[in-house]
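Peer 1: This is the structure I have questions about; it appears just below.
2 protein chains.
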Amino acid sequence: MIQNHLREYRKLNNYSQEYLADQVNVSRQTIISIEKGKFNPSLSLSFKFANIFGVAIEELFQYEEDNNE
Amino acid sequence: MIQNHLREYRKLNNYSQEYLADQVNVSRQTIISIEKGKFNPSLSLSFKFANIFGVAIEELFQYEEDNNE
DNA sequence: TGATATTGTAAAGTTTTGTTTACATTTAAT
DNA sequence: ATTAAATGTAAACAAAACTTTACAATATCA
Numbered sequence: 001m002i003q004n005h006l007r008e009y010r011k012l013n014n015y016s017q018e019y020l021a022d023q024v025n026v027s028r029q030t031i032i033s034i035e036k037g038k039f040n041p042s043l044s045l046s047f048k049f050a051n052i053f054g055v056a057i058e059e060l061f062q063y064e065e066d067n068n069e
Numbered sequence: 001m002i003q004n005h006l007r008e009y010r011k012l013n014n015y016s017q018e019y020l021a022d023q024v025n026v027s028r029q030t031i032i033s034i035e036k037g038k039f040n041p042s043l044s045l046s047f048k049f050a051n052i053f054g055v056a057i058e059e060l061f062q063y064e065e066d067n068n069e
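From first to last, the protein sequence lines stand for chains A and B.
The first sequence begins at 1 in the UniProt record's numbering and counts up by one.
The second sequence begins at 1 in the UniProt record's numbering and counts up by one.
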């Protein structure tokens, strides 16, 4: 299980989903799915988010040692 | 592009590929592919590796802002 | 040298991430 | 109130992560 603060950081920076999507080179749907925790981004995409917001991956995403990964 | 020091950390801990695979709940093939940089692990798997070796994701994996992701 | 553990390779299959499109709903501005 | 921008949803598709199996090549060690 992965929790994330993508939405918070996105709004903090006044980015629309579409703008952020463009910045990291994915579709808007992908942003939506990640924000909703529907999936588990790839590491390189996670790095892109972290870089854009200038934070560590661990600050943007938190791993919860749970039942199902 | 993602570089990683998985192999180094694995050997440092005297783990076989198979043992490490078991620890993080993936197949040995997955370990091989990641060690060889053949693919880009999911974030949750990356966290598992980092946790097992007791290092930050950023220490295990380095992101290179290149041509193709 | 011969047995055993470890690593390499390859290929076909499954699952999940990520795309694309299209439209509906909400929010923000004028 | 109306328009435009932003967000939500859904479904079919493509691509990449990950599995499984099977066997070959290296290393380790008695």
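Beta carbons: idealized from backbone N, C-alpha and C, even for Gly.
Check this for me: beta carbons of Arg10(A) and Glu18(A), under 8 Å apart or not?
Peer 2: No, these two residues do not count as a Cβ contact at 8 Å.
Peer 1: Near Glu35(B), what residues of its chain come up, given a Cβ to Cβ distance below 6 Å and the 5 sequence neighbours on each side ignored?
Peer 2: Leu6, Arg7
Peer 1: Name the two residues that bound the continuous beta strand (DSSP E) containing Phe39(B).
Peer 2: It is not in any beta strand (DSSP E) - Phe39(B) carries neither H nor E in the DSSP assignment.
Peer 1: Just mark Asn67(B) as buried or exposed, buried being the case when its beta carbon has 16 or more other beta carbons within 10 Å.
Peer 2: Per-residue confidence for Asn67(B) stands at a pLDDT of 48, beneath the threshold of 50, marking its modelled position as unreliable; the derived number appears in the next sentence. It counts as exposed.
Peer 1: Since Ile31(A) meets chain B, which of its residues come closer than 8 Å, beta carbon to beta carbon?
Peer 2: Those within 8 Å of Ile31(A) in chain B number zero; the least Cβ separation is about 15 Å.
Peer 1: Excluding sequence positions up to five away, which residues of its chain have a Cβ less than 7 Å from the Cβ of Phe49(A)?
Peer 2: Leu6, Val24, Leu60
Peer 1: Exposed or buried, what is Ile32(A) when buried is set at 16 or more other beta-carbons lying within 10 Å of its beta-carbon?
Peer 2: If you draw a 10 Å sphere on the C-beta of Ile32(A), you find fewer than 16 other C-beta atoms in it, and that means exposed.
Peer 1: Taking Cβ positions, are Ile52(A) and Leu43(B) nearer each other than 8 Å?
Peer 2: no
Peer 1: What residues of chain B sit near Glu58(A), judged by a beta carbon separation below 7 Å?
Peer 2: Ala56, Ile57
Peer 1: Buried or exposed for Asn13(A), going by 16 or more other Cβ atoms inside 10 Å?
Peer 2: exposed
Peer 1: Using a cut-off of 7 Å between C-beta atoms, extract the partners of Phe47(A) located in chain B.
Peer 2: Tyr63
Peer 1: Around the C-beta of Phe39(A), are 16 or more other C-beta atoms found within 10 angstroms, so that it is buried, or is it exposed?
Peer 2: exposed
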